Amino acid sequence: MPRRRALAFLCSVPIAALPAIALAPHAQAASSSVVIAQAFGGGGNSGAPYASDFVELYNRSGAAVDLTGWKLQYWSAAGTTATSTALSGSIDAGHHYLIKEADGSNTAAPALPTPDATGTIAMSATAGRVAIVDADGTTIDLLGYGSTASVSETAPAPAPSNTLADVRTSGCTDTDNNATDFVTAAPAPNNSASAVGQCGTTGGGGGTTPPPPPTGQDATIEQIQGAAHRSPLEGKAVKNVAGVVTATSKTGYWIQSTTPDDDPATSEGLFVFTKNAPSAKVGDAVTAAGTVSEYRPGGSSGTANLTTTELTNPTTAITSSGNPLPAPVVIGKDRIAPQQTVKDGDPGDVETAGTFDPTKSAIDFDESLEGMRVELDDAVAVGPTNPSYGETPVIPGQNVTATRSARGGVVYGGYDQPNAMRLILDDSLLPSGSVPTANVGDVYEGSTVGVLDYSFGNFHLLATSTGTLKSAGLQRESTSAASKGQVAVATFNVENLAPSDPQTKFDRLAGQIVGNLKAPDIVALEEIQDNSGATDDGTVDSTDTITKLIAAITAAGGPSYQARWINPTNDTDGGQPGGNIRQVFIFRTDRGVSFTDIPGGDATTATSVVGKGWSTKLSASPGRIDPTNGAWTTSRKPLVGQFSYKGQKLFVIANHFNSKGGDDPLFGRFQQPLRSSETQRHNQATVVRGFVDSLLKADPLAKVIVLGDLNDFEFSQTADILVGSGRTALTDLPRTLPANERYTYDYEGNSQVLDHILISKGLQIPLPFSGPAYRYDVVHTNAEFSDQDSDHDPQVVRLQLWPSWLG
Numbered sequence: 024m025p026r027r028r029a030l031a032f033l034c035s036v037p038i039a040a041l042p043a044i045a046l047a048p049h050a051q052a053a054s055s056s057v058v059i060a061q062a063f064g065g066g067g068n069s070g071a072p073y074a075s076d077f078v079e080l081y082n083r084s085g086a087a088v089d090l091t092g093w094k095l096q097y098w099s100a101a102g103t104t105a106t107s108t109a110l111s112g113s114i115d116a117g118h119h120y121l122i123k124e125a126d127g128s129n130t131a132a133p134a135l136p137t138p139d140a141t142g143t144i145a146m147s148a149t150a151g152r153v154a155i156v157d158a159d160g161t162t163i164d165l166l167g168y169g170s171t172a173s174v175s176e177t178a179p180a181p182a183p184s185n186t187l188a189d190v191r192t193s194g195c196t197d198t199d200n201n202a203t204d205f206v207t208a209a210p211a212p213n214n215s216a217s218a219v220g221q222c223g224t225t226g227g228g229g230g231t232t233p234p235p236p237p238t239g240q241d242a243t244i245e246q247i248q249g250a251a252h253r254s255p256l257e258g259k260a261v262k263n264v265a266g267v268v269t270a271t272s273k274t275g276y277w278i279q280s281t282t283p284d285d286d287p288a289t290s291e292g293l294f295v296f297t298k299n300a301p302s303a304k305v306g307d308a309v310t311a312a313g314t315v316s317e318y319r320p321g322g323s324s325g326t327a328n329l330t331t332t333e334l335t336n337p338t339t340a341i342t343s344s345g346n347p348l349p350a351p352v353v354i355g356k357d358r359i360a361p362q363q364t365v366k367d368g369d370p371g372d373v374e375t376a377g378t379f380d381p382t383k384s385a386i387d388f389d390e391s392l393e394g395m396r397v398e399l400d401d402a403v404a405v406g407p408t409n410p411s412y413g414e415t416p417v418i419p420g421q422n423v424t425a426t427r428s429a430r431g432g433v434v435y436g437g438y439d440q441p442n443a444m445r446l447i448l449d450d451s452l453l454p455s456g457s458v459p460t461a462n463v464g465d466v467y468e469g470s471t472v473g474v475l476d477y478s479f480g481n482f483h484l485l486a487t488s489t490g491t492l493k494s495a496g497l498q499r500e501s502t503s504a505a506s507k508g509q510v511a512v513a514t515f516n517v518e519n520l521a522p523s524d525p526q527t528k529f530d531r532l533a534g535q536i537v538g539n540l541k542a543p544d545i546v547a548l549e550e551i552q553d554n555s556g557a558t559d560d561g562t563v564d565s566t567d568t569i570t571k572l573i574a575a576i577t578a579a580g581g582p583s584y585q586a587r588w589i590n591p592t593n594d595t596d597g598g599q600p601g602g603n604i605r606q607v608f609i610f611r612t613d614r615g616v617s618f619t620d621i622p623g624g625d626a627t628t629a630t631s632v633v634g635k636g637w638s639t640k641l642s643a644s645p646g647r648i649d650p651t652n653g654a655w656t657t658s659r660k661p662l663v664g665q666f667s668y669k670g671q672k673l674f675v676i677a678n679h680f681n682s683k684g685g686d687d688p689l690f691g692r693f694q695q696p697l698r699s700s701e702t703q704r705h706n707q708a709t710v711v712r713g714f715v716d717s718l719l720k721a722d723p724l725a726k727v728i729v730l731g732d733l734n735d736f737e738f739s740q741t742a743d744i745l746v747g748s749g750r751t752a753l754t755d756l757p758r759t760l761p762a763n764e765r766y767t768y769d770y771e772g773n774s775q776v777l778d779h780i781l782i783s784k785g786l787q788i789p790l791p792f793s794g795p796a797y798r799y800d801v802v803h804t805n806a807e808f809s810d811q812d813s814d815h816d817p818q819v820v821r822l823q824l825w826p827s828w829l830g
């Protein structure tokens, strides 16, 4: 969703010092429309110049503001309960609005001019808080006055009195600092019948002085945008910025120049941030004035995001309506983005360093179209629609040379080979459901048009119209069942499975295990939550979760699985807070598999390798690998189990490594992106590799399977560490697939490997006349589908083992 403004809570004392119920709704930023112009709480007091308290509003924007559903709220200086006065009607541009409140005892004092709204609030003459709140509950403006006001914009306004009001400074300047935006002065109330003019202390407290013309330099949209990620005019006041309104949102509108320059590196589009729904409509020709700003989505937690250039605190003049819109740039035809290069050349902060070149860097290419109308013809979904946000990763339907999967996605085959041309198709400017839900490979036939925006690490195509969805008929894959002489071992991240999940999730997961995976002999499950799910109540056991899943498997026609796991220590393994996710082995015993139970394993005891050669075994099964090692801080500890299949020992290590949370976004300001999370994964891989080495030292032909959600790619250093080298090297099975089949996950339009199965050399010795020693399959059942049961695809390997009597 674009324009997800973080609320800026500006308070005069630390928030922790205030009771939660005392906090007024707060202004998001300096108001560009309605502001509090005066507040007077001394009405009817001794010496007061007026018989009533009042609050005066002023519309400093260039368009009328509808007050339907709005209200004035008042709190005492440190009060916890607000009283309200309903507002109605509207305020024309440059006009005032007078809200009369309670009368005082001095009935001899003059009455106010005819009020536009009337309430009964008895305001304090010296300290209090007033807020203007719109129909959505958003605080448009806030005034805390007097030194004891517990909430204000930055700092309280000076204390008024029986004879003085707090009056906004000349021009109704709003810097979100009550202390500097207000002064005490004789009250001079104005109502909607007062002369149009500038509010504040000049002109009799908001009286008759006409508004000054916009200040600042004349500028075009192209001059504001510049050939860079940040505007060369950032922080400057500009005026006479001309364009046609191409789209509107709840917080502003986009304009585009009708007289573009000759430089494709400078965007012809710009967002004008009005904070509230704008009065300008699509097709209006406008001239705007305001301050050039750079908005970074995500606030303090989004420092790696790019900024978007916008005009803030604007005034808008509509010069005509019903104008044709500029033709959109057709991406993939008129201009073609660098397909697998986010940033070419100089690494670093793209906003401050390096060369800006849209012909070589996709991040510069998209920036050069920021705010403009763009079009994709026959857009292809390369990731499933996220129904929670109405977002679908798409690419143009033409001139695509990147590595494509057979099912329609784009494969992420290396840090220098991302899907750099994809955009996030976003329905936030349209009624809910206007953009059809897509699976990977589906096509939005025809033209999909919108404005190009940026939020939370990605460039978004904010659709104003879309093509017609044509399904590619994507089907969930199924693998082959293990033959009589094969043992099938699978891994499956079931995404925070908890007993509180609907039965349909258990049934669908069971259907995948039985129908699509063909009921493997051993399945390593990741993200099994405890019996109370995400409720953080100290529960760690997961018996209820596993029992419910196994019952669903049986109900789906599958075998009666058994399970083994280790309960973690509460709140130590990361994941969803309170969920205590862990890995679990489930296995079937009707095809010759059995689990070797060796007591001693628990959350904090390290399992070791004992014995040599044929007598090699685990000290505890199930057990955990070095669980107190710092590599596992707030992360899942590996689960190791010893199995037997027709007399052969199998050592299976189920993993769920540290997530990628905290890494820089692919299209962020820092290039190349910093992958800070991988340091812990490298340490985790080193610990697991050390355990594998101990097994292979004891028995060089030990049959070892390392599998699970490693949260890293097949080409990563994490995978390299696990593979090792020389005679003890493991084979990472995703690397054995053709390049366009290497994916188990789809992240924002990049089909990629996160889940792995690695096997030791003892599992790679083919039997005479029996074909390959193993057959491996990623079974695509989830990642490419909008109605996924998990965000990961499972995978399975079918192993052809030598009979035990052959050694």
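In this note's numbering, each number is its position in the sequence shown, counted from 1, plus 23.
Ideal Cβ positions, reconstructed from N, Cα and C, are used throughout, including at glycine.
Note that the structure is a prediction, hence the values are computed from the model and not measured.
Q: If I'm right that Arg430 touches Val463 with Cβ under 8 Å, what's the distance once you round it to whole angstroms?
A: Here the question's residue 430 lines up with position 407 in the sequence shown. Here the question's residue 463 lines up with position 440 in the sequence shown. Right, their Cβ atoms sit about 6 Å apart.
Q) How long is the line joining the alpha carbons of Pro761 and Val710, rounded to whole angstroms? A) Within the sequence shown, numbered from 1, the residue matching residue 761 stands at position 738. Within the sequence shown, numbered from 1, the residue matching residue 710 stands at position 687. Rounded to the nearest angstrom, the gap between the Cα atoms of Pro761 and Val710 is 29 Å.
Q) Helix, strand or coil for Gly437 per DSSP? A) As a first step, residue 437 is located in the sequence shown; it is residue number 414 there, counting from the start. DSSP places Gly437 in coil when its eight states are reduced to three.
Q | Euclidean distance between Cα positions of Val820 and Ala513 | A | As a first step, residue 820 must be located in the sequence shown, where it is residue number 797. As a first step, residue 513 must be located in the sequence shown, where it is residue number 490. Straight-line Cα distance between these residues: approximately 6 Å.
Q: Count the CB pairs spanning the region 790-801 and the region 745-764 that are closer than 8 Å, and state whether there are at least three.
A: Flag = yes, the region 790-801 and the region 745-764 touch.
Q. Buried or exposed: Gln823, going by 16 or more other Cβ atoms within 10 Å of its Cβ?
A. Reading the sequence shown from its first residue, position 800 is the one you call residue 823. Label assigned to Gln823: buried.
Q.
Taking only three categories from DSSP, how would you classify Val818?
A. Taking the sequence shown and counting its residues from 1, the one referred to as residue 818 is at position 795. Per the sequence shown, the amino acid found at residue 818 is Gln instead of Val. Three-state result, Gln818: strand.
**Q.** Assigned exposure category for Ser99 - 16 Cβ within 10 Å defines buried
**A.** In the sequence shown, counting from the first residue as 1, residue 99 sits at position 76. Flag for Ser99 reads buried.
Q | Selected residue, minimal CA-CA separation from Ala60, among Leu548, His705, Arg191 | A | Position 37 of the sequence shown, counted from the start, is the residue given in the question as residue 60. Answer by Cα proximity: Arg191.
Q. Which word fits Arg750, buried or exposed, when buried means at least 16 other C-beta atoms lie within 10 angstroms of its C-beta?
A. For the purposes of this step, residue 750 is taken as residue 727 along the sequence shown, with counting starting at 1. Arg750 should be labelled exposed.
**Q.** Per DSSP, the bridge partner or partners of Ala154
**A.** In the sequence shown, residue 154 corresponds to position 131, counting from 1. In DSSP, Ala154 forms a bridge with Gln96, Leu165.
Q: Evaluate Gly92 with the Cβ neighbour count: other Cβ atoms within 10 Å of its Cβ, from every protein chain shown; 16 or more gives buried, anything less gives exposed.
A: Taking the first residue of the sequence shown as 1, we reach residue 92 at position 69. Counting Cβ neighbours within 10 Å, Gly92 comes out exposed, since fewer than 16 surround it.
Q. For the alpha helix (DSSP H) that Ala202 lies in, which residues bound it at each end?
A. The residue you call residue 202 lines up with position 179 of the sequence shown. According to the DSSP assignment, Ala202 belongs to the alpha helix (DSSP H) that extends over 201-204.
Q) Out of curiosity, what's the CA-to-CA distance linking Glu701 and Arg659? A) Residue 701 sits at position 678 when you count from the first residue of the sequence shown. Residue 659 sits at position 636 when you count from the first residue of the sequence shown. Using only the alpha carbons, I get a separation of about 15 Å.
Q: Compare the beta carbon distance of Val563 and Pro543 with 9 Å and say whether it is the shorter of the two.
A: Stepping through the sequence shown from its first residue, residue 563 is reached at position 540. Stepping through the sequence shown from its first residue, residue 543 is reached at position 520. Between Val563 and Pro543, the C-beta spacing is not below 9 Å.
(Q) Less than 6 Å between C-beta atoms, sequence neighbours within five positions excluded: which residues of the same chain meet that for Gly228? (A) In the sequence shown, the residue the question calls residue 228 occupies position 205. Low local confidence applies: a pLDDT of 35 at Gly228 is under 50, so the model's placement there is unreliable, and no value is given.
Q: Could you pull out every residue in the same chain whose Cβ sits closer than 6 Å to the Cβ of Ile114, ignoring the five residues on either side in sequence?
A: In the sequence shown, the residue the question calls residue 114 occupies position 91. Cβ-Cβ distances below 6 Å link Ile114 to Asn82, Val88, Tyr120 in the same chain, with the five nearest sequence neighbours on each side left out; the list follows chain order.
Q | Spatially closest choice to Asp286 from Asp732, Phe388, Thr310, by CA coordinates | A | Taking the first residue of the sequence shown as position 1, residue 286 is located at position 263. Of the candidates Asp732, Phe388, Thr310, the one whose C-alpha sits nearest the C-alpha of Asp286 is Phe388.
(Q) Could you compute how far the alpha carbon of Gly624 sits from the alpha carbon of Ser644? (A) The count along the sequence shown starts at 1 and reaches residue 624 at position 601. The count along the sequence shown starts at 1 and reaches residue 644 at position 621. Near 6 Å, if we compare the C-alpha coordinates of Ser644 and Gly624.
Q. Using CA coordinates, which residue listed in Leu724, Ala677, Gly685 is at the minimum distance from Ile780?
A. Your numbering for residue 780 matches position 757 in the sequence shown. Ile780 has its Cα closest to that of Ala677, out of Leu724, Ala677, Gly685.
**Q.** Reduced DSSP secondary structure (H/G/I, E/B, other) of Phe714
**A.** The residue labelled residue 714 in the question sits at position 691 within the sequence shown. Three-state DSSP puts Phe714 in a helix.
Q: Helix, strand or coil for Gly228, going by three-state DSSP, please let me know.
A: Residue mapping note: residue 228 aligns to position 205 of the sequence shown, counting from 1. Note on Gly228: pLDDT 35, under 50, position unreliable in the model; no value is reported.
**Q.** Beta-ladder partner(s) of Thr331, from DSSP
**A.** Sequence index remark: in the sequence shown, residue 331 carries index 308 (1-based). In DSSP, Thr331 forms a bridge with Tyr318.
Q. Quick one: complete alpha helix (DSSP H) runs, 4+ long, within the region 368-395?
A. Qualifying alpha helix (DSSP H) stretches, in chain order: 385-390.
Q | Beta-carbon proximity check, Val268 vs Ile247, cutoff 9 Å | A | Here residue 268 refers to the residue found at position 245 when the sequence shown is read from its first residue. Here residue 247 refers to the residue found at position 224 when the sequence shown is read from its first residue. With respect to the 9 Å criterion, Val268 and Ile247 are not classified as neighbours on the basis of their beta carbons.
(Q) Taking DSSP's pairing of strands, which residues face Val403 in a bridge? (A) The residue you call residue 403 lines up with position 380 of the sequence shown. For Val403, which the question treats as bridged, DSSP gives the partners Ile418, Val466.
**Q.** Terminal residues of the alpha helix (DSSP H) in which Ile21 lies
**A.** What the structure shows of the chain is the stretch from 24 to 830, and residue 21 is not part of that stretch, so it cannot be assessed.
Q | C-beta atoms of Val458 and Val433 nearer than 9 Å | A | Position 435 of the sequence shown, counted from the first residue, corresponds to residue 458. Position 410 of the sequence shown, counted from the first residue, corresponds to residue 433. For Val458 and Val433, no; Cβs fall outside 9 Å.
Q: Report yes if the CB atom of Leu532 is closer than 9 Å to the CB atom of Asp732, and no otherwise.
A: Counting from one through the sequence shown, the residue named residue 532 turns up at place 509. Counting from one through the sequence shown, the residue named residue 732 turns up at place 709. No, they are not a contact pair.
Q | Alpha carbon of Phe714 to alpha carbon of Val663, nearest angstrom | A | Translated into the one-based positions of the sequence shown, residue 714 becomes position 691. Translated into the one-based positions of the sequence shown, residue 663 becomes position 640. C-alpha separation (whole angstroms): 10 Å.
Q. Does DSSP put Arg605 in a helix, in a strand, or in coil?
A. If you number the sequence shown from 1, residue 605 lands on position 582. Note: Arg605 maps to strand in three-state DSSP.
**Q.** Proximity below 9 Å, CB of Phe680 to CB of Thr741
**A.** Here residue 680 refers to the residue found at position 657 when the sequence shown is read from its first residue. Here residue 741 refers to the residue found at position 718 when the sequence shown is read from its first residue. Yes. Within cutoff.
Q. Could you check where the alpha helix (DSSP H) with Gln775 kicks off and where it finishes?
A. Numbered from 1 along the sequence shown, position 752 holds the residue referred to as residue 775. Under the DSSP assignment, Gln775 falls outside any alpha helix (DSSP H), being part of the beta strand (DSSP E) whose first and last residues are 773-775.
Q: Reducing DSSP to helix, strand and coil, say where His483 ends up.
A: Indexing the sequence shown from 1 puts residue 483 at position 460. In this structure, His483 counts as strand in the three-state DSSP scheme.
Q) Are Val417 and Ala402 closer than 9 Å when you measure CB to CB? A) For the purposes of this step, residue 417 is taken as residue 394 along the sequence shown, with counting starting at 1. For the purposes of this step, residue 402 is taken as residue 379 along the sequence shown, with counting starting at 1. It is a contact, given that the beta carbons lie within the stated cut-off.
Q) In angstroms, rounded to a whole number, what distance separates the CA positions of Asn652 and Gln96? A) The sequence position of residue 652 within the sequence shown is 629, counting from 1. The sequence position of residue 96 within the sequence shown is 73, counting from 1. Their Cα atoms are separated by approximately 55 Å.
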